[in-house]
Amino acid sequence: MSRRLREGQRRRLARETRRLPVAAGGDLRVAVAYPNEYRVGMANLGFHVVLEQLLRAGVRVDRVFLPSDKEAVEHRRSRTPLCTLEQGIPLRELDLLLFSLSFEPDYVGLVSMLGLGGVEALARRREGGPLVVAGGIAPTLNPEPIAPFCDLIGIGEAEALLPALLERARDGVEALAGAPGWYLPAGGPHPVQRQHAPLERPALPVVLSPTSAFSSHVDVEISRGCRWRCRFCAAGHVVTPYRELGLDALEEAIAWGVAQRGRVGLVGTDVSDHSGLEAIANRIFALGGEPALPSFRVESVARRSGAAARLLARRPPQSLTLAVEASSEGLRCALGKRLSHEKLLRAAAHAAEVGVQRLRIYLLVGIPGETWSEIEGIAPLVQEIAGVGPPGRLTVSINALVPKPGTPLQWEPAPSREHLRRARALLRRGLRGERVELQFESPDWTRWQYLLSQGGREAAEWVIVAAEHGWRRALARAEGDAPLLGAGRQPGDPLPWDHVEHGPPREALLRERERCLAREYVPPDRESSS
Ligand code: SF4
68 MSRRLREGQR RRLARETRRL PVAAGGDLRV AVAYPNEYRV GMANLGFHVV LEQLLRAGVR
128 VDRVFLPSDK EAVEHRRSRT PLCTLEQGIP LRELDLLLFS LSFEPDYVGL VSMLGLGGVE
188 ALARRREGGP LVVAGGIAPT LNPEPIAPFC DLIGIGEAEA LLPALLERAR DGVEALAGAP
248 GWYLPAGGPH PVQRQHAPLE RPALPVVLSP TSAFSSHVDV EISRGCRWRC RFCAAGHVVT
308 PYRELGLDAL EEAIAWGVAQ RGRVGLVGTD VSDHSGLEAI ANRIFALGGE PALPSFRVES
368 VARRSGAAAR LLARRPPQSL TLAVEASSEG LRCALGKRLS HEKLLRAAAH AAEVGVQRLR
428 IYLLVGIPGE TWSEIEGIAP LVQEIAGVGP PGRLTVSINA LVPKPGTPLQ WEPAPSREHL
488 RRARALLRRG LRGERVELQF ESPDWTRWQY LLSQGGREAA EWVIVAAEHG WRRALARAEG
548 DAPLLGAGRQ PGDPLPWDHV EHGPPREALL RERERCLARE YVPPDRESSS
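Residues 68 to 597 in this note's numbering are what the sequence shown spells out, letter by letter.
Pasting the structure below:
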């Protein structure tokens with residue numbers, strides 16, 4: 068290995084703090100890979116969940132990350148293959164290489180890492196080398212775009228999937244045939260059912276690093292899934308059932324987080340509705356720490372007597388994030404959120420009253436059925452929020468809706484570039500002002516995410532092009548290959564993920580889709596998702 072690369076790895080390891088010791092290990096050489104840079108991967112709780120499962124099973128597991136551009140140049144210059152962080156094992160000498168994939172654009176990192184590690188990207192051409200295994204929410208929704216690269220893909224949660232893998236992996240891929248949740252892409256699509264596990268202990272980092280993206284606090288997962296089932300959201304439809312951890316189960320993790328960083332990040336998709344939120348926060352305060360809060364549901368902040376609002380009032384953060392989603396109540400109903408204009412303004416005003424300095428609000432464009440007057444309505448809504456809300460900067464973060472597999476909007480088209488560009492221009496004109504900062508996701512990037520979310524196996528070709536020449540070149544190629552892919556699908560059309568049973572039956576998704584198009588709000592059956 069090049070001296071420069073070895074030194075870099077040594078420095079990284081020297082600055083880390085481990086929560087769990089390195090396991091003695093058996094005869095399998097295993098690494099968990101994160102297909103993005105170290106600072107990003109180390110901040111991803113899903114990555115740490117896989118590490119923890121393996122360590123608790125007694126596996127001596129290493130980590131490996133996508134090198135930075137500078138490091139990749141050094142790998143090529145020195146002809147050093149990509150190696151694991153702890154033991155410096157080249158990827159091609161491993162027995163098992165497990166990729167943790169939360170976001171579709173990271174598929175490109177997977178191919179780049181295999182290339183740098185001297186492992187053939189396409190599984191059908193590989194001879195020897197590790198079993199390449201992938202898992203995470205992105206391939207759980209639709210495994211096909213990475214199917215050609217993987218020997219195995221886990222559909223569902225690591226806690227439910229890994230025991231069978233560890234038991235049978237040494238006998239080869241075929242030993243996993245028929246194991247619940249394991250998808251073997253080589254034989255073509257076959258039925259596979261998403262697996263989930265009871266939430267028994269919180270996810271939290273196995274290793275802390277001062278150079279992780281979230282190094283100022285320790286993240287602790289307090290709940291998984293969401294009971295609200297907004298129609299565009301995979302967390303509400305595919306990460307089911309909703310599960311939460313009480314104080315007893317969290318005690319040890321919280322104490323460790325406070326001891327290490329003082330601040331404990333409460334992680335979950337619906338933290339503000341956690342039934343034990345106040346008790347958890349009180350425990351953190353009692354230990355001398357501070358809770359770090361994620362985005363809150365607007366309703367929870369507006370309801371002043373609720374636990375989330377009381378918590379804000381007790382220790383107001385500098386900055387608060389609220390998911391507003393759309394400018395009109397009708398469009399919010401279409402998305403499956405009942406949120407009145409008054410409640411929204413009440414939440415912003417309450418945040419200001421308790422001392423929050425800055426607000427960030429999330430909005431979507433490209434919602435099925437939206438009108439131009441509703442897009443134009445974003446600017447006056449933002450001005451109203453700025454008028455009653457916190458005194459500091461108001462960040463308006465606008466993303467295009469990317470319809471996700473497994474949700475009621477899975478058949479919808481991608482918003483066109485023209486639509487997004489026009490919306491961006493309108494909002495730039497309407498949102499001028501010193502205090503308001505507009506962040507609008509690039510229309511091309513939206514399109515790329517859509518193609519990787521909704522594509523079939525053909526998308527693997529585009530991922531290879533992106534790894535070699537960048538995603539913009541790959542996007543141009545993809546649009547030439549599949550010009551109709553962004554046009555959406557009819558409910559009777561085959562979908563690339565038809566063989567994956569996510570959970571909600573197709574009829575239920577179709578019913579919700581109809582309600583979305585009719586802008587009909589129906590409260591979610593919260594019991595059925597618990
Ligand atoms: S509140 Fe809605 S958007 Fe937020 S996590 Fe739950 S289902 Fe998803």
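All C-beta atoms, glycine included, are put in the ideal place defined by N, C-alpha and C.
The shortest C-alpha to C-alpha distance from A415 to any of G436, A390, L398, E396 is the one to A390.
Excluding sequence positions up to five before and after A231, its CB lies within less than 7 Å of the CB of L243, A246, W249, all in the same chain and listed in chain order.
Between G203 and Q262, the CB-CB gap reaches or exceeds 7 Å. Contact check for S135 against E160 fails: the beta carbons are separated by 7 Å or more. With at least 16 other beta carbons inside 10 angstroms of its own, L165 counts as buried. Looking at the DSSP output, R310 bridges to R291. When DSSP states are grouped into helix, strand and coil, W529 belongs to the helix group. Taken atom to atom, the span from the alpha-carbon of V423 to that of I445 is near 22 Å. Exclusion of the five residues before and after G303 leaves C293, W295, R296, C297 as the residues of its chain whose Cβ lies within less than 7 Å of its Cβ.
Counting every other CB atom within 10 Å of its CB across the protein chains shown gives H257 a total below 16, marking it as exposed. Ordered along the chain, residues surrounding the ligand SF4 are C293, W295, R296, C297, C300, A302, G303, T336, D337, R364 [Cβ under 6 Å from any heavy atom]. If the five residues before and after L112 are omitted, its C-beta is found closer than 8 Å to the C-beta atoms of A270, L271, P272, D286, E288, V334, all from its own chain and listed in chain order.
E441 has its alpha-carbon roughly 35 Å from the corresponding atom of V107. Between E508 and N466, the C-beta gap is smaller than 7 Å, which places the two residues in contact. Sorting A280, G497, Q450 by C-alpha distance to the C-alpha of R460 places Q450 at the top. Pairing W323 with T278, the inter-Cα distance amounts to about 19 Å. By the C-beta density criterion, K137 is exposed, having fewer than 16 other C-beta atoms within 10 angstroms. When only Cα atoms are considered, H341 and P384 end up about 19 Å apart. DSSP links L164 through a beta bridge to A98, V199. Ranked by Cα distance from G403, the options L468, C300, E437 are led by C300.
For Q262, the beta-bridge partners assigned by DSSP are G223. Looking from the CA of T207, the closest CA among E241, S169, R237 belongs to S169. The C-beta separation of P470 from L476 comes to about 4 Å, placing the pair in contact by the 8 Å criterion.
In this structure the segment 532-547 does not touch the segment 560-569; the number of beta carbon pairs closer than 8 Å is below three. Residue state for N111 is assigned as coil, using DSSP reduced to three classes. For A390, the enclosing beta strand (DSSP E) begins and ends at 386-392. According to the DSSP assignment, R580 belongs to the alpha helix (DSSP H) that extends over 573-584. Between the segment 371-386 and the segment 304-311, the count of Cβ pairs shorter than 8 Å is below three; the stretches do not touch. According to the DSSP secondary-structure assignment, P215 is paired through a beta bridge with no residue.
Short of 7 Å from the beta carbon of S395, and not among the five residues preceding or following it, lie these beta carbons of its own chain, in chain order: E441, G444. With a beta-carbon spacing of about 14 Å, F216 and S167 fall beyond the 8 Å limit used to define contacts.
Residue range 174-183 is occupied by the alpha helix (DSSP H) that includes Y174.
F363 places its beta carbon less than 7 Å from that of A375. When the alpha-carbon of P563 is set against those of C583, L542, E525, D548, the nearest one is in E525. The C-alpha of A316 is placed about 26 Å away from the C-alpha of V99.
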